[in-house]
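Asker: I'd like to ask some things about the structure below.
Numbering (this note's numbering), first residue to last: 11 to 155.
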């Protein structure tokens, strides 16, 4: 009865930040990990390590960035918007490294998945990577297993 008289107000969700290169990369890494609809701890850990290494973050900072990227991936623009930001702000050599990092995330759970691979190839293509560089990124990630 009290709930009807005094309904609880739902908290207003915090607005998402505007995507920049850092957030776009993190959101794409999360998108790759989610592609098989199974977001595993090994993938989360790999994303955190990549974010920490790429941006010089401490583990807690990387985890917070990943959490922001998860929300952004879920509620923000699609892959073309993220890849456009990265194409504009990140040079080709670093985009090649991003391709390899995404393969590391996709393979970190120890299983190859067609949905993840399709998502990854689409992202690499949208990043403007050549077929040779995409094949090399995949091979390097597979060799690192």
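Just so you know, even glycine gets a beta-carbon here, dropped at the ideal spot from N, CA and C.
Could you check what DSSP says for residue 47 in three-state terms: helix, strand or coil?
Answerer: In the structure shown, residue 47 sits in coil (DSSP, three-state: anything other than H, G, I, E or B).
Asker: Would you say residue 61 and residue 51 are within 7 angstroms of each other, going by their C-beta atoms?
Answerer: The answer is no: Cβ separation not under 7 angstroms.
Asker: To the nearest angstrom, how far is the alpha carbon of residue 106 from that of residue 100?
Answerer: Going by the C-alpha atoms only, they are around 10 angstroms apart.
Asker: Figure out for me which residue from 30, 37, 47 has the closest Cα to the Cα of residue 125.
Answerer: Ranking the options by Cα distance to residue 125, first place goes to 47.
Asker: Comparing alpha-carbon positions, which option in 116, 59, 70 lies nearest residue 150?
Answerer: If we check each option's Cα against that of residue 150, 116 comes out closest.
Asker: Does the region 34-44 come into contact with the region 81-90, if we say contact requires no fewer than three beta-carbon pairs (one atom in each stretch) closer than 8 angstroms?
Answerer: Output reads yes: the region 81-90 touches the region 34-44.
Asker: Quick one: is the Cβ of residue 68 within less than 6 angstroms of any heavy atom of the ligand MN?
Answerer: The ligand MN is absent from the structure shown, which contains no ligand whatsoever.
Asker: Reducing DSSP to helix, strand and coil, say where residue 122 ends up.
Answerer: Residue 122 falls in the coil class under three-state DSSP.
Asker: On a CA-only basis, which of 102, 49, 53, 57 is nearest residue 35? Give me that one, please.
Answerer: The residue with the shortest Cα to Cα distance from residue 35 is 57.
Asker: What is the residue span of the alpha helix (DSSP H) that residue 109 lies within?
Answerer: Where residue 109 is concerned, the enclosing alpha helix (DSSP H) stretches over 102-117.
Asker: Would residue 93 and residue 136 be called neighbours here (beta carbons separated by less than 7 angstroms)?
Answerer: Their beta carbons are under 7 angstroms apart, which means residue 93 touches residue 136 by this criterion.
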